[in-house]
Amino acid sequence: MALNYDQAVAKYEPTLGLEVHVELNTHSKMFCSCSTEFGAEPNTQTCPVCLGLPGALPVVNGKAIESSILIGLALNCSIAPFSRFARKNYFYPDMPKNFQTSQYDEPICVNGYLDVEIETDEGAKQFRVEIERVHMEEDTGKSLHVGGATGRIHGADYSLLDYNRAGIPLVEIVTKIVGGTGKYAPQVARAYVTELRDILRSLQVSDVKMEQGSMRCDVNLSLAPIGSGALGTRSETKNVNSLRSVERAVVGEVVRQANRLETGERIVQETRHFLEESGQTRPGRSKEQAEDYRYFPEPDLVPVVPNSEWIEVLRATLPEKPSIRRKRLQDEWNVSDKEMASLVNAGLLNVVEATISLGADPARARSWWLGEISRLANEKEVDPISLISASQVAEVIQLIEAGELTDKLARQVVEGVIAGGGTPVQVIAQRGLKVVSDDSALMIAIEAAIAAQPDTADRVRGGNIPAAGALIGAVMKATGGQADAAKVRELLLKHLGKGE
Ligand code: ZN
Ligand code: MN
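Converting from the sequence shown to our numbering requires adding 3 to each position, the first position being numbered 1.
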């Protein structure tokens with residue numbers, strides 16, 4: 004009988020290793036001055052260097068070195084006083100040089116760690132994930148296989164290559180083996196990638212969008228019988244592209260490997276692909292050993308020798324740690340763990356903080372960004388922060404608090420701003436969206452409503468307060484929804500002799 008996850012981890016101890024590739028957000032490529040702008044026509048952002056033409060000479064991008072050092076410092080690494088690039092030789096059409104310029108035995112940052120917190124049966128618990136190395140390399144181009152049913156190379160009629168991405172700076176962050184997690188291996192993996200993403204975002208070195216591939220995670224996993232002290236053969240699941248998938252990929256591999264071991268089958272050291280639909284993995288190529296790559300030092304690039312003063316300057320510019328900042332903001336705003344997590348996961352923490360710092364009430368700022376604005380952004384399939392600015396949202400919230408907008412009117416204002424109608428004040432003026440707060444204007448509408456429904460008015464006078472709803476509704480309708488309902492109710496009841 005096949006083992007499920009709980010049965011698998013009751014018998015086997017998982018060991019993890021995580022490799023994360025991050026595209027840096029430099030304006031130019033790693034070794035040439037070509038633009039890194041996303042979305043250009045294929046092969047328009049290339050030159051002899053990133054196309055690997057004979058005789059072209061690379062020059063290292065200084066900003067990419069700076070970003071790599073910042074990442075190393077934020078991950079508590081030592082920065083190597085001397086590091087070198089190496090050629091990683093392999094043949095694949097998306098790599099025009101037939102080698103990737105990477106780092107091998109002399110990476111720029113080594114020996115760091117990242118502490119992550121997960122929920123366990125015994126409450127919150129901290130795990131330390133040790134970092135082996137952070138190294139610099141370059142991205143490959145992109146292949147498009149045309150004509151097949153699956154979009155894969157098998158069955159395709161031909162393939163197209165776009166080298167715009169070839170040479171974009173990448174940083175690879177590799178953990179040491181992570182043991183001792185027991186059944187919590189999936190949560191530890193996810194918490195690590197989440198925390199790493201938040202740190203990279205706070206450093207502003209990458210846009211860290213997993214769905215778009217600017218951050219991708221390879222999950223190494225092996226199993227050994229509990230208590231054996233042995234290390235099993237590992238598989239490597241490549242390019243897992245969401246936080247949830249990281250967690251699911253670990254679960255999937257634990258179950259697959261445990262069931263193989265149960266039936267006496269061997270675990271093959273290989274790369275595997277994660278299947279989003281099933282949460283399982285399928286085999287890819289069997290994994291090359293390091294020697295297959297014939298690494299050797301890159302002769303065309305000088306070693307990287309950052310001076311210690313520069314490193315200390317960079318260390319001094321490190322932003323507040325995301326975990327510390329989250330705790331601080333959570334206290335200041337008085338929100339629950341869950342509410343905080345939804346803001347962080349939606350990538351809205353910064354913009355909500357900005358909105359609040361401009362004077363908006365924390366609860367309202369949170370609900371506008373997570374609610375209406377996120378809903379509109381979903382419809383348009385764009386990032387909420389591209390739709391409207393923090394100051395415009397803060398302005399709308401202040402108008403609500405001042406009683407000049409109802410929630411309903413405010414939604415129309417926000418929609419108007421997003422539709423390109425200008426600032427909130429301009430949208431209000433153009434569309435006449437101000438609350439009718441003028442008592443005399445409201446009284447005219449109230450008297451008209453009473454005149455139209457005299458029986459209802461009598462019932463209210465007789466003490467049937469809920470009956471007032473029909474009259475309030477009539478007033479709201481007459482004012483085009485621009486009156487404050489609470490105010491209408493107060494004036495109406497007072498007029499009918501039922502006010503406090
Ligand atoms: Zn180039
Ligand atoms: Mn790599």
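Beta carbons: idealized from backbone N, C-alpha and C, even for Gly. No experiment lies behind these values; they were computed from the predicted model shown.
{"query": "So what's Pro-110 in DSSP terms, helix, strand or just coil?", "result": "coil"}
{"query": "When we look at the beta-carbon of Val-271 and count the other beta-carbons within 10 Å, is it buried (16 or more) or exposed?", "result": "exposed"}
{"query": "Run through the DSSP bridge pairs and tell me what Leu-499 is partnered with.", "result": "In the DSSP output, where bridge partners are listed per residue, Leu-499 has none listed."}
{"query": "Measure the CB-CB distance between Glu-214 and Asn-244 and report whether it falls below 8 Å.", "result": "yes"}
{"query": "Could you check if Glu-26 belongs to the surroundings of ligand 2, using beta carbon to heavy atom distance under 7 Å?", "result": "no"}
{"query": "For a quick check, are the C-beta atoms of Val-1 and Val-191 less than 8 Å apart?", "result": "The structure shown does not extend to residue 1, since the chain is modelled only from 4 to 503, so the question has no answer here."}
{"query": "Within the region 30–92, note down every full alpha helix (DSSP H) run reaching 4 residues or more, in order along the chain.", "result": "65–77"}
{"query": "May I ask which residues mark the beginning and end of the alpha helix (DSSP H) holding Glu-504?", "result": "Beyond the ends of the chain as shown, which are 4 and 503, falls residue 504; an answer cannot be given."}
{"query": "Identify, in the order they occur along the chain, each residue of the same chain with its Cβ nearer than 6 Å to the Cβ of Arg-87, setting aside the five sequence neighbours on each side.", "result": "Glu-109, Pro-300, Pro-306"}
{"query": "Taking DSSP's pairing of strands, which residues face Asn-223 in a bridge?", "result": "Gly-20, Glu-239"}
{"query": "Along the chain, where does the alpha helix (DSSP H) containing Arg-462 start, and where does it finish?", "result": "457–464"}
{"query": "Quick test of your reading: Tyr-8 and Val-258, contact by CB under 8 Å. State the CB separation rounded to the nearest angstrom.", "result": "6 Å"}
{"query": "Excluding the 5 residues preceding and the 5 following Ile-475 in the sequence, name in chain order all residues of the same chain whose CB lies nearer than 7 Å to its CB.", "result": "Ala-488, Val-491, Arg-492, Leu-495"}
{"query": "Compute the Euclidean distance between the alpha carbons of Glu-519 and Arg-193, then round it to the nearest angstrom.", "result": "Given a span of 4 to 503 for the chain in the structure shown, any question on residue 519 remains unanswerable."}
{"query": "Going by beta-carbon coordinates alone, are Ala-486 and Val-438 separated by less than 8 Å?", "result": "yes"}
{"query": "At the level of alpha carbons, what is the spacing between Val-316 and Glu-69?", "result": "11 Å"}
{"query": "If contacts are defined as beta-carbon pairs under 8 Å, then Ser-225 and Gly-235 qualify, I think. What distance do you get, rounded to the angstrom?", "result": "4 Å"}
{"query": "Pick out whichever of Pro-427, Cys-37, Asp-124, Gly-424 has its Cα sitting closest to the Cα of Pro-168.", "result": "Sequence inspection shows Arg at residue 168; the Pro mentioned does not correspond to that position. Looking at the Cα atoms, Cys-37 is the closest of the given residues."}
{"query": "Roughly how many angstroms separate the alpha carbons of Pro-286 and Thr-274, rounded to a whole number?", "result": "6 Å"}
{"query": "In whole angstroms, give me the CA-to-CA distance for Ala-67 and Pro-51.", "result": "20 Å"}
{"query": "For ligand 2, any of its heavy atoms closer than 7 Å to the Cβ of Glu-140?", "result": "yes"}
{"query": "Use the C-beta contact count for Lys-91: other C-beta atoms within 10 angstroms, 16 or more gives buried, fewer gives exposed.", "result": "buried"}
{"query": "With DSSP collapsed to three states, give me the class of Asp-297.", "result": "Checking the sequence shown, residue 297 turns out to be Arg, not Asp. DSSP places Arg-297 in coil when its eight states are reduced to three."}
{"query": "Can you check whether the CB of Glu-256 is closer than 8 Å to the CB of Thr-266?", "result": "no"}
{"query": "Report whether the distance from the Cβ of Ser-105 to the nearest heavy atom of ligand 2 is below 7 Å.", "result": "yes"}
{"query": "May I ask you to check if the CB of Glu-511 is nearer than 7 Å to at least one heavy atom of ligand 2?", "result": "There is simply no residue 511 to check, as the chain begins at 4 and stops at 503 in what is shown."}
{"query": "Determine contact between the region 204–218 and the region 24–44, defined as no fewer than three beta-carbon pairs at a distance below 8 Å.", "result": "yes"}
{"query": "Using a Cβ-Cβ cutoff of less than 6 Å, which residues in the same chain neighbour Gly-65 once the five nearest sequence positions on both sides are dropped?", "result": "none"}
{"query": "Any beta-carbon of chain E closer than 8 Å to the one on Gln-456?", "result": "Within the model displayed, chain E is absent; a lone protein chain is all it includes."}
{"query": "Tell me which residue opens and which closes the beta strand (DSSP E) that Arg-168 is part of.", "result": "No beta strand (DSSP E) holds Arg-168; DSSP gives it neither H nor E."}
{"query": "Compute the Euclidean distance between the alpha carbons of Val-420 and Arg-464, then round it to the nearest angstrom.", "result": "43 Å"}
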